[in-house]
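J.: To start, I am sharing the structure in question, which I have written as structure tokens.
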Amino acid sequence: MKKLRANPALSSLLMVSPLAAVLLIFLVLPIVLIVTVSFWRATEFSIIPAFELDNYAFLFGSPVTYTVFFNTFKYALITWACTLLIGFTVAYYLAFHIRTLTWQIALFLLCTIPFWTSNIIRMISWIPFLGRNGIANSTLMSWGVIDEPIEWLLFSDFAVILAFVHLYTLFMVVPIFNTMMRIDKSLIEAARDAGANGAQILWNVIIPLTKPGIMIGTIFVVTLVMGDFITVRFMSGSQSANVGRLISNDIALLQYPSASATAIILLLTVLMTIAILLRFVDIRKEL
Amino acid sequence: MTKFTQRNGLSRRTMLKGAASTAIAAGATTLGAPMVWAQNIKDVTLRQFGTGVSNLNDVANKVQEDLGFTLEMTALDTDSVTQRAATQPNSFDIADIEYFICKKVWAAGNLQAMDTTKIDNYDKIAGTFRSGLLTPESTIAQGTAPHTVGFTSGPNGTDFVGEESGWMTLIPTIYNADTLGIRPDLIGRPITNWSELLNPEFKGKASILDISSIGIMDMAMVVESMGEYTYPDKGNMTKEEIDLTIGIFTEAKKNGQFRAFWKSFDESVNLMASGEVVIQSMWSPAITAVKSQGIPCVYQPLEEGYRSWGGGLGISAALSGIELDAAYEYINWYLSGWVGGYLMRQGYYSAVPETSKAFMSADEWGFWYEGKAAEGDILSPTGDTLAGAGEVRDGGSFLDRMGSVVCWNSVMDENQYMVRKWNEFIAA
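Just so you know, the protein sequences line up as chains A and V, in that order. So for the first sequence, the numbering used here puts the first residue at 1; every next one is plus one. So for the second sequence, the numbering used here puts the first residue at 288; every next one is plus one.
Below, the structure is given as structure tokens:
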């Protein structure tokens, strides 16, 4: 014990070791395994240890890969823009327009109610709503807005992005609301005293101070959308693909090495995206 | 009780004749007296998995009632079934799989060969699964026909043999002839060819299934019907043929021909019932499900013929002792008619039609098997009315339908390549 106290380096080493062990076993090891398998060879029913670049060669050699990665970024970008707009507005309203803390908490909890049901159910319930003979089309037709049902409502990119925005907006609301609540109200008063109008306060005071929240929300949304496969499958009627679907198709067809190679490339892409995002805001400093 | 002990004795004798692995298995059961065994079997739980088509809770309940042991069912989509059979041998006891899946996974050694002498109704199994011939005059269709992957060389065989060797890879249970399903009320004209699937008239209202080994055969039927190409063997395409086939469909996809692709049975039902799709690849009970919602739906016989498939039960290689005996008991029960009758009333064919007949009314047998006009209402196993008096089954009798089969669901030599191309088609 005495020795431990005398040696601060050793004691701090011991303190981080449980977390390090957990990360090693549940994060590093699986990734190492995926990297290894990505160089293996697959047959119908087995995978054979080998060191081949075939999986990567096929991946980079296929024009479909580029389309799919483009699609993944497209979904991520559009979903990000929509969730940011909605998420920021909701958080702003909650933080600055609702005066009492009780109401803030009550309304915030209201936002989480959809999360009491499963993600998949919330997604699938859009299908009967948006379908050719669905509620949306029949309502619009009965109002006389349209004569023919709108086809692109369901099984399209529109449907995919709609479902993403619906599913993930809360991930934007929560961190933004959190940072907004911690903004010192006197700063806003000071800005107003100094003659700033509403827009100027928003642009020069609130947005810069909410940046860390926006960034955390962005990371949530971007990683969730880039890693998703089930939403894309259901809402596009299996017609569109993002990288997640490419991987899930490979796994379904027992092509584990090819799936691993795709997963590694996706992982690198997401890491690079996050690295770029973090260049804009130093979350550590801002928190 | 006596029935059990007799069978137990018999199975033990035949087992000892078998090879080392099964002899060890039998050795384990000889420790218990027959009486004990008969009681023990009630504690047995067999875990079965397969596609939604035949993994029915009614079957599990009936097993409990008739045989006394518990059958746990897991229904998965076709690809997941293949995946599990190939990679998780300890997660199941009974694999309810299709013959083309058997071709993929048999060599992995996760299933054990079954001794046909222990199958009571082996002699009554339809010719399609034994010699490959439906009737002595039939020709064998292209693709992975069940009899080509139905037999192996011995108890530990990992190969396939052409003749009836006495060791089966799967015990056949179910098969059918598949074609396109249509909504006659939304199409309003006769459909007679596979090529209609890509007819621009149905732009945005067509669908095909997203299961490569089955989908590629549907595609081939369409391509031939369009007159684009005639395959020397649809069931075993070359790389160029795969490129051509998938190329035609990729172009159609880009032109917006398809509304969606489906992977599981219920997705196909929803697409059809909601009117999202008016023509698509479909399975027989899916038609039944749409009809039972009161929506007109026809399993349209087409000039070019049918694409067929067959399924059966396989036993996990890990199974031995009392569980193995229970598995044989279960399979014998499966072929004894009750399940066959149930499946036939859904529009499938039982691999042992003779025994199923006893579990169907004369009118049901006439309607489903012989293609005769119904005399009264034809009900599904769950009690929905599927056809009224005077109606005739789409496609007619068993011989009319199975006799027009031109290909089976297939695993090709170039399967690996096909799978990758298929993945690209879905992603394109």
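Using N, Cα and C, we set each Cβ at its ideal position, and we do this for glycine too.
#1: From which residue to which residue does the alpha helix (DSSP H) around residue 511 of chain V run?
#2: Along the alpha helix (DSSP H) that carries residue 208 of chain A, what are the first and last residues, could you check?
#3: Tell me which residue opens and which closes the beta strand (DSSP E) that residue 672 of chain V is part of.
#4: Relative to the C-alpha of residue 104 of chain A, which candidate in A:180, A:58 and A:33 has its C-alpha closest?
#5: Does residue 7 of chain A come out as helix, strand or coil in the three-state DSSP assignment?
#6: So which residues on chain A does residue 366 of chain V lean against when the C-beta distance must stay under 9 Å?
#7: Count the other CB atoms, across all protein chains shown, that sit within 10 Å of the CB of residue 138 of chain A; report buried if there are 16 or more and exposed otherwise.
#8: For residue 101 of chain A, would you say it is in contact with chain V, using Cβ-to-Cβ distances shorter than 8 Å as the test?
#9: Exposed or buried, which one is residue 121 of chain A when buried takes at least 16 other CB atoms within 10 Å?
#10: Enumerate, from N- to C-terminal direction, the unbroken alpha helix (DSSP H) stretches of 4 or more residues contained entirely within the segment 148 to 201 of chain A.
#11: Indicate whether the contact test is met: 3 or more Cβ pairs, each with one atom in the segment 550 to 566 of chain V and one in the segment 435 to 447 of chain V, closer than 8 Å.
#12: What does residue 239 of chain A reach in chain V if we use C-beta pairs closer than 9 Å?
#13: Tell me, to the nearest whole angstrom, how far the beta carbon of residue 494 of chain V is from that of residue 564 of chain V; I am working on the premise that it is less than 8 Å.
#14: Give the list of continuous alpha helix (DSSP H) stretches no shorter than 4 residues that lie fully inside the segment 593 to 665 of chain V.
#15: Measuring straight from C-alpha to C-alpha, what distance separates residue 689 of chain V and residue 526 of chain V?
#16: Assuming residue 87 of chain A and residue 172 of chain A make a contact with CB atoms under 8 Å, what is their CB distance in whole Å?
#17: Residue 334 of chain V CB to nearest chain D CB: under 8 Å?
#18: For my contact list, residue 222 of chain A and residue 273 of chain A are in at a C-beta cut-off of 8 Å; report their separation, rounded to the angstrom.
#19: Roughly how many whole angstroms lie between the Cα atoms of residue 55 of chain A and residue 66 of chain A?
#20: Select from the segment 133 to 153 of chain A all residues with a C-beta closer than 9 Å to any C-beta belonging to chain V, and list them in chain order.
#21: Using the Cβ count rule (16 or more neighbours within 10 Å means buried), how would you classify residue 572 of chain V?
#22: Thinking residue 601 of chain V and residue 384 of chain V are a contact (beta carbons under 8 Å), I'd like their distance in whole angstroms, please.
#23: Can you check whether the C-beta of residue 497 of chain V is within less than 8 Å of a C-beta belonging to chain A?
#24: Could you say which of V:566, V:706 and V:366 lies nearest to residue 478 of chain V if we only look at CA atoms?
#25: For the beta strand (DSSP E) holding residue 462 of chain V, just list the boundary residues, first then last.
#26: Whole-angstrom Cβ separation of residue 613 of chain V and residue 333 of chain V, contact assumed at under 8 Å?
#27: Using the rule of at least 16 other Cβ atoms within 10 Å of the residue's Cβ for burial, across every protein chain shown, is residue 29 of chain A buried or exposed?
#28: By the 10 Å Cβ neighbour count, where 16 or more other Cβ atoms means buried, how is residue 262 of chain A classified, buried or exposed?
#29: At a CB-CB cut-off below 8 Å, which residues of chain V make contact with residue 245 of chain A?
#30: Closer than 8 Å, CB to CB, is residue 707 of chain V near chain A or not?
#31: Give, in chain order, every unbroken run of the beta strand (DSSP E) that is at least 3 residues long and sits entirely within the segment 405 to 480 of chain V.
#32: How is the alpha helix (DSSP H) around residue 689 of chain V delimited, first residue to last?
#33: Could you tell me whether the Cβ of residue 425 of chain V comes closer than 8 Å to any Cβ of chain A?
#34: Cα-Cα, which of V:558, V:529, V:433 and V:389 is closest to residue 705 of chain V?
#35: Between which two residues does the alpha helix (DSSP H) containing residue 139 of chain A stretch?
#36: Measure from the C-beta of residue 696 of chain V to each C-beta in chain A and report whether the shortest distance is under 8 Å.
T.: Short version:
#1: 499 to 513
#2: 207 to 227
#3: From DSSP, the beta strand (DSSP E) with residue 672 of chain V extends over 672 to 674.
#4: A:180
#5: coil
#6: 249, 251, 252, 253 and 254
#7: exposed
#8: no
#9: exposed
#10: 157 to 181, 185 to 193 and 198 to 201
#11: no
#12: Proximity of chain V to residue 239 of chain A at the Cβ level (cut-off 9 Å) is accounted for by 540, 545, 546, 547, 548 and 713, in chain order.
#13: 4 Å
#14: Counting only runs of 4 or more, we get 608 to 622, 625 to 631, 640 to 644 and 649 to 655.
#15: Rounded to the nearest angstrom, the two C-alpha atoms are 29 Å apart.
#16: 3 Å
#17: Within the model displayed, chain D is absent; protein chains A and V are what it includes.
#18: 6 Å
#19: Those two C-alpha atoms are separated by around 15 Å.
#20: 133, 134 and 151
#21: buried
#22: 6 Å
#23: yes
#24: V:566
#25: Boundaries of the beta strand (DSSP E) harbouring residue 462 of chain V: 458 to 465, taken from the DSSP string.
#26: 6 Å
#27: exposed
#28: Its Cβ being crowded by 16 or more others within 10 Å, residue 262 of chain A is buried.
#29: 713 and 714
#30: yes
#31: 458 to 465 and 467 to 469
#32: 685 to 690
#33: no
#34: V:529
#35: Taken as a continuous stretch (DSSP letters only), the alpha helix (DSSP H) holding residue 139 of chain A covers 135 to 142.
#36: no
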